[in-house]
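Asks:
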Amino acid sequence: MDITSALFLLIGSFLCLSGGVGILRFPDFYTRMHAAGVTDTLATAMILIGLMLQSPDALVVIKLIIILLMTLFISPTASHALASAAIHNNLKPVLENKKDNE
Amino acid sequence: MKDLFAVIMLAGIYSLLSASFFVAMDAVDVAFTEASVGAGISTLLMLVAITMTGRSEDPVRHKPILALVVVVITGSLLIYGTLDMPYFGSVDAPVHQHVAPQYINDSMQKVGMPNIVTSVLASYRGFDTFGEVVVIFTAGIGVLALLSVARRPGDIAEIDSLNKTMHEEFLILRIVAKMLIPFILLFALYVQFHGDFGPGGGFQAGVIFAAAIILYTMLFGMSTARRVINQSVIQLFAAIGVLVYGSVGVISLLEGKHFLDYSALSADPVAGQHIGILLIELGVGITVASVMIIIFFNFAGRENSQQSQENNES
Chain A
245 MDITSALFLL IGSFLCLSGG VGILRFPDFY TRMHAAGVTD TLATAMILIG
295 LMLQSPDALV VIKLIIILLM TLFISPTASH ALASAAIHNN LKPVLENKKD
345 NE
Chain B
13 MKDLFAVIML AGIYSLLSAS FFVAMDAVDV AFTEASVGAG ISTLLMLVAI
63 TMTGRSEDPV RHKPILALVV VVITGSLLIY GTLDMPYFGS VDAPVHQHVA
113 PQYINDSMQK VGMPNIVTSV LASYRGFDTF GEVVVIFTAG IGVLALLSVA
163 RRPGDIAEID SLNKTMHEEF LILRIVAKML IPFILLFALY VQFHGDFGPG
213 GGFQAGVIFA AAIILYTMLF GMSTARRVIN QSVIQLFAAI GVLVYGSVGV
263 ISLLEGKHFL DYSALSADPV AGQHIGILLI ELGVGITVAS VMIIIFFNFA
313 GRENSQQSQE NNES
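These protein sequence lines map, in sequence, to chains A and B. Numbers given in the numbering used here equal positions in the first sequence, counted from 1, plus 244. Numbers given in the numbering used here equal positions in the second sequence, counted from 1, plus 12.
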């Protein structure tokens, strides 16, 4: 049990870290938001599952499940809202032909 | 910084950060209030305000040097002042000597609330809280007096066509919001009535309730929301909240006790305190929720009416 939980927590923290790096390193708004979105959803889910496995108390597990469901609904929606707002304001994604210009 | 949007976002982030350090200092109630009021609803209301005022600041004409000098002097005076203060967390600090021990030792027998913050806020300092509620109510009246616009009743066909275009644009947001809004409302009620036992209370509950309705208004359009939520009823509710709070005080006066002394409400003083706190928290919640909704509706409604005027002129 402990090992599985540790594994989940590790994956979660790795995703958080990579998401943070992604936000800093990616070239434009959409890719950055992709990084942030992945961090928000998957990493949070992983960490919450890891915590659930750690907890002996059923009530805590139920609360964590509710938080998990909420984040699963809310953070993709928030990313979607951000992206569509960006499209709406004519922010063009950076496409690959950057290399061709160089 | 010239972009007001960025300024508002920074203010919201600052509020959220201060909420987290309140949690770190074990002041969960304060953190909850800061997160819901400071980071949540006030950011939202300021965003609505800049849709009316425009996004960038006017160019500054005066020199910033003067302001910097004032800030530096005030800041150094404040730091000089802290030198005399007792160390953080020290036992013989005046704060821990004055009334705090009394609250911690007596509130369980006298008020019987597991959450001392609620018993201090609602019972020991009931008069101050009454003042706060009146301030919020006055703010609502002020917004109504200054910004309220005479509006024509929306044309149903127009609303429907608007609804259809919005439906395509915000399909995902609408569906998710539809699923979430009942839970947000339920959570607000939980915070309202669980305030005696855990962190929470009328202020936070009112703000969360209002946030759910504002979310609905943003996604389903002003006119639809106005059909769902009757403005005059909301205004009535804002007054009812203050009235409930005040009349609890008047009842305890009539029973021959002090103003807002809830032990007068029942034969058993502790049960009386429970009833009193429940009632005044309800009053706080109703007033806060309705005033927030009033402020939002009047800000956003004004924006709408300005737009339609411009459309008519062009």
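Beta carbons are placed, not taken as given, at the ideal position from N, Cα and C, and that holds for glycine.
If you draw a straight line from the C-alpha of residue 329 (chain A) to the C-alpha of residue 274 (chain A), how long is it?
Replies: Locating residue 329 (chain A) in the first sequence gives position 85, where the first residue counts as 1. Locating residue 274 (chain A) in the first sequence gives position 30, where the first residue counts as 1. Residue 329 (chain A) and residue 274 (chain A): Cα-Cα distance of roughly 11 Å.
Asks: Could you name the residues of chain A that residue 255 (chain B) contacts, counting a contact when the two beta carbons are closer than 9 Å?
Replies: Against the second sequence, residue 255 (chain B) aligns to sequence position 243. Residues of chain A passing the Cβ test: none, with the nearest at roughly 36 Å.
Asks: With 8 Å as the threshold, decide whether the Cβ of residue 192 (chain B) is near any Cβ in chain A.
Replies: Residue mapping note: residue 192 (chain B) aligns to position 180 of the second sequence, counting from 1. Yes, because at least one Cβ of chain A sits closer than 8 Å to the Cβ of residue 192 (chain B).
Asks: In the segment 118 to 179 of chain B, which residue ranges form an unbroken alpha helix (DSSP H) of at least 4 residues, counting only runs that do not cross its ends?
Replies: Segments of the alpha helix (DSSP H) lying fully in the segment 118 to 179 of chain B: 128 to 131, 138 to 159.
Asks: Measuring CB atoms only, is the segment 291 to 298 of chain B touching the segment 43 to 54 of chain B, in the sense that at least three cross pairs come out at less than 8 Å?
Replies: With the cut-off at 8 Å, the segment 291 to 298 of chain B and the segment 43 to 54 of chain B do not touch.
Asks: Just to confirm the assignment, what range does the alpha helix (DSSP H) spanning residue 336 (chain A) have?
Replies: Within the first sequence, the letter at position 92 stands for residue 336 (chain A). Neither: residue 336 (chain A) is in no alpha helix (DSSP H) and is coded neither H nor E.
Asks: Which of the three DSSP states, helix, strand or coil, is assigned to residue 54 (chain B)?
Replies: Walking along the second sequence from the start, residue 54 (chain B) turns up at place 42. If DSSP states are grouped into helix, strand and coil, residue 54 (chain B) belongs with the helices.
Asks: Of the residues that make up the segment 299 to 319 of chain A, which ones have a beta carbon closer than 7 Å to any beta carbon in chain B?
Replies: Result list: 317.
Asks: To test your reading of the DSSP string, which unbroken alpha helix (DSSP H) runs of 4 or more residues are found completely within the segment 215 to 242 of chain B?
Replies: Runs of the alpha helix (DSSP H) inside the segment 215 to 242 of chain B: 234 to 240.
Asks: What's the gap between the Cα of residue 187 (chain B) and the Cα of residue 262 (chain B)?
Replies: The residue given as residue 187 (chain B) occupies position 175 in the second sequence. The residue given as residue 262 (chain B) occupies position 250 in the second sequence. Approximately 46 Å, taken between the alpha carbons.
Asks: By alpha-carbon positions, which one of B:215, B:143, B:309 ends up nearest to residue 225 (chain B)?
Replies: Translated into positions along the second sequence, residue 225 (chain B) becomes position 213. Closest by alpha carbon: B:309.
Asks: So, residue 282 (chain A) versus residue 296 (chain A), is the Cβ gap smaller than 8 Å?
Replies: One-based indexing of the first sequence puts residue 282 (chain A) at position 38. One-based indexing of the first sequence puts residue 296 (chain A) at position 52. Their beta carbons are not under 8 Å apart, which means residue 282 (chain A) does not touch residue 296 (chain A) by this criterion.
Asks: Can you pull the chain B residues whose beta carbon is under 7 Å from the beta carbon of residue 280 (chain A), in chain order?
Replies: The sequence position of residue 280 (chain A) within the first sequence is 36, counting from 1. By Cβ distance, chain B contributes nothing, its closest Cβ being about 15 Å from residue 280 (chain A), past 7 Å.
Asks: By a C-beta neighbour count over all protein chains shown, 10 Å radius and 16 as the cutoff for buried, is residue 204 (chain B) buried or exposed?
Replies: As a first step, residue 204 (chain B) is located in the second sequence; it is residue number 192 there, counting from the start. Residue 204 (chain B) comes out buried.
Asks: Kindly indicate which residue of A:256, A:272, A:253, A:245 has the alpha-carbon position closest to the one of residue 331 (chain A).
Replies: The residue labelled residue 331 (chain A) in the question sits at position 87 within the first sequence. Here the closest residue by C-alpha is A:272.
Asks: If you measure between the beta carbons of residue 288 (chain B) and residue 277 (chain B), is that distance less than 8 Å?
Replies: On the second sequence, residue 288 (chain B) is found 276 positions in, with the first residue counted as 1. On the second sequence, residue 277 (chain B) is found 265 positions in, with the first residue counted as 1. In contact: residue 288 (chain B) and residue 277 (chain B) (Cβ atoms closer than 8 Å).
Asks: Based on Cα-Cα distance, which residue from B:148, B:215, B:156 lies nearest to residue 133 (chain B)?
Replies: Here residue 133 (chain B) corresponds to residue number 121 of the second sequence, with the count starting at 1. Considering only alpha carbons, the answer is B:215.
Asks: So if I threshold CB-CB distances at 8 Å, which residues from the segment 31 to 53 of chain B count as touching chain A?
Replies: Answer in chain order: no residues at all.
Asks: Within 10 angstroms of the Cβ of residue 32 (chain B), are there 16 or more other Cβ atoms? Answer buried if so, exposed if not.
Replies: In the second sequence, counting from the first residue as 1, residue 32 (chain B) sits at position 20. Per the 10 Å Cβ criterion, exposed.
Asks: Using a beta-carbon distance below 8 Å, is residue 346 (chain A) in contact with chain B?
Replies: Here the question's residue 346 (chain A) lines up with position 102 in the first sequence. Because the pLDDT at residue 346 (chain A) is just 37, under 50, the model does not fix this residue reliably, and the value given afterwards should be weighed accordingly. No - not a single Cβ of chain B is within 8 Å of the one on residue 346 (chain A).
Asks: Examine chain D for any beta-carbon lying closer than 8 Å to the beta-carbon of residue 325 (chain A), and answer yes or no.
Replies: Checking the listed chains, one finds no chain D in this structure; the protein chains it contains are A and B.
Asks: Under 8 Å, do residue 125 (chain B) and residue 41 (chain B) count as touching if we go by C-beta distance?
Replies: On the second sequence, position 113 is the one that residue 125 (chain B) refers to. On the second sequence, position 29 is the one that residue 41 (chain B) refers to. The answer is no: Cβ separation not under 8 Å.
Asks: For my contact list, residue 5 (chain B) and residue 306 (chain B) are in at a C-beta cut-off of 8 Å; report their separation, rounded to the angstrom.
Replies: This structure leaves residue 5 (chain B) out entirely; chain B is present only between 13 and 326.
Asks: Please say whether residue 220 (chain B) and residue 196 (chain B) have beta carbons closer to each other than 8 Å?
Replies: The sequence position of residue 196 (chain B) within the second sequence is 184, counting from 1. The sequence position of residue 220 (chain B) within the second sequence is 208, counting from 1. Yes, they are a contact pair.
Asks: Comparing C-alpha positions only, which one of B:52, B:15, B:184, B:136 sits nearest to residue 275 (chain B)?
Replies: Residue numbering aside, residue 275 (chain B) sits at position 263 when the second sequence is read from its first letter. For the residues B:52, B:15, B:184, B:136, the minimum Cα distance to residue 275 (chain B) belongs to B:136.
Asks: For residue 122 (chain B), which option in B:138, B:264, B:284 has the closest C-alpha, if you only look at C-alpha atoms?
Replies: For the purposes of this step, residue 122 (chain B) is taken as residue 110 along the second sequence, with counting starting at 1. The shortest C-alpha separation from residue 122 (chain B) is found at B:284.
Asks: Which one of A:317, A:312, A:246 has the shortest CA to CA distance from residue 290 (chain A)?
Replies: What you label residue 290 (chain A) is simply residue 46 of the first sequence in a count that begins at 1. When only C-alpha atoms are compared, the closest one is A:312.
Asks: Please classify residue 181 (chain B) as buried or exposed, where buried requires at least 16 other C-beta atoms within 10 Å of its C-beta.
Replies: By 1-based counting over the second sequence, the position of residue 181 (chain B) is 169. Answer is exposed; the Cβ neighbour count stays below 16.
Asks: Given that residue 321 (chain A) touches chain B, what residues does it touch there, using C-beta distances under 7 Å?
Replies: Start at 1 with the first residue of the first sequence, and residue 321 (chain A) comes out as number 77. Within chain B, the residues near residue 321 (chain A) are 184, 185, 188.
Asks: Can you tell me whether residue 314 (chain B) is buried or exposed? The criterion is at least 16 other CB atoms within 10 Å of its CB, across all chains shown.
Replies: Locating residue 314 (chain B) in the second sequence gives position 302, counting from the first residue. Buried, by the Cβ-count rule.
Asks: Do residue 264 (chain A) and residue 276 (chain A) have their C-beta atoms closer together than 8 Å?
Replies: Within the first sequence, residue 264 (chain A) is the residue found at index 20, counting from 1. Within the first sequence, residue 276 (chain A) is the residue found at index 32, counting from 1. Cβ atoms of residue 264 (chain A) and residue 276 (chain A): not closer than 8 Å.
Asks: Taking 7 Å as the cut-off, is the C-beta of residue 142 (chain B) nearer than that to any heavy atom in the ligand ATP?
Replies: The model depicted lacks the ligand ATP and carries no ligand whatsoever.
Asks: Indicate whether at least one CB of chain B lies closer than 8 Å to the CB of residue 288 (chain A).
Replies: By one-based count along the first sequence, residue 288 (chain A) stands at place 44. Residue 288 (chain A) does not count as touching chain B.
Asks: Hey, residue 257 (chain B) and residue 142 (chain B) are a contact pair by Cβ (cut 8 Å); roughly how many whole angstroms apart?
Replies: Position 245 of the second sequence holds residue 257 (chain B). Position 130 of the second sequence holds residue 142 (chain B). Confirmed, about 6 Å.
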